[in-house]
Amino acid sequence: MKIKKGFNLRNVCGEQVLVAEGKENIDFSNLISMNETSAYLWESIGDREFTVEYLVEQLLKEYEVDQATAQADVQALVQQWKEAEIIED
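No gaps in the numbering here: position 53 of the sequence shown is 53 in our numbering, and each next residue is one more.
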């Protein structure tokens, strides 16, 4: 998977918000607010392709969480990102 081109994480008034930038996203009217954890995972991806397993590893490195919880949380987050169409396979 990878992040769709033109989506960038910005700090807006102390809140982490994903915004669409560029001509290909001109009609994107929703801002996506991210909590600290999802923003951390988004930033850890950068421009590289990623897997659920990669995000689970990042979560386990940064937070005190067990493997099963991390796996479930990441799978739910990735599903939300897919539904929001901000990542692609």
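By construction, the Cβ of each residue, glycine as well, lies at the ideal position given by its N, Cα and C atoms. Since the model is a prediction, treat every value here as computed from it, not as a measurement.
According to the neighbour-count rule (16 or more other Cβ atoms, all chains shown, within 10 Å of its Cβ), is residue 79 buried or exposed?
exposed
message: Can you give me the C-alpha to C-alpha distance between residue 53 and residue 42, rounded to a whole angstrom?
response: 14 Å
For this session: For my contact list, residue 45 and residue 3 are in at a C-beta cut-off of 8 Å; report their separation, rounded to the angstrom.
Result: 6 Å
message = So, under 8 Å CB-CB, residue 73 and residue 1 are touching, yes? Tell me the CB distance rounded to an integer number of Å.
response = Distance from residue 73 to residue 1 at the Cβ level is roughly 16 Å; contact not present, criterion being Cβ atoms closer than 8 Å.
*Return the residue from the list 50, 65, 11 that minimises the CA-CA distance to residue 39.*
11
- Query: Are there 16 or more other CB atoms within 10 angstroms of the CB of residue 169, so buried, or fewer, so exposed?
  - Reply: Outside the shown range of the chain (1 to 89) lies residue 169, about which nothing can therefore be said.
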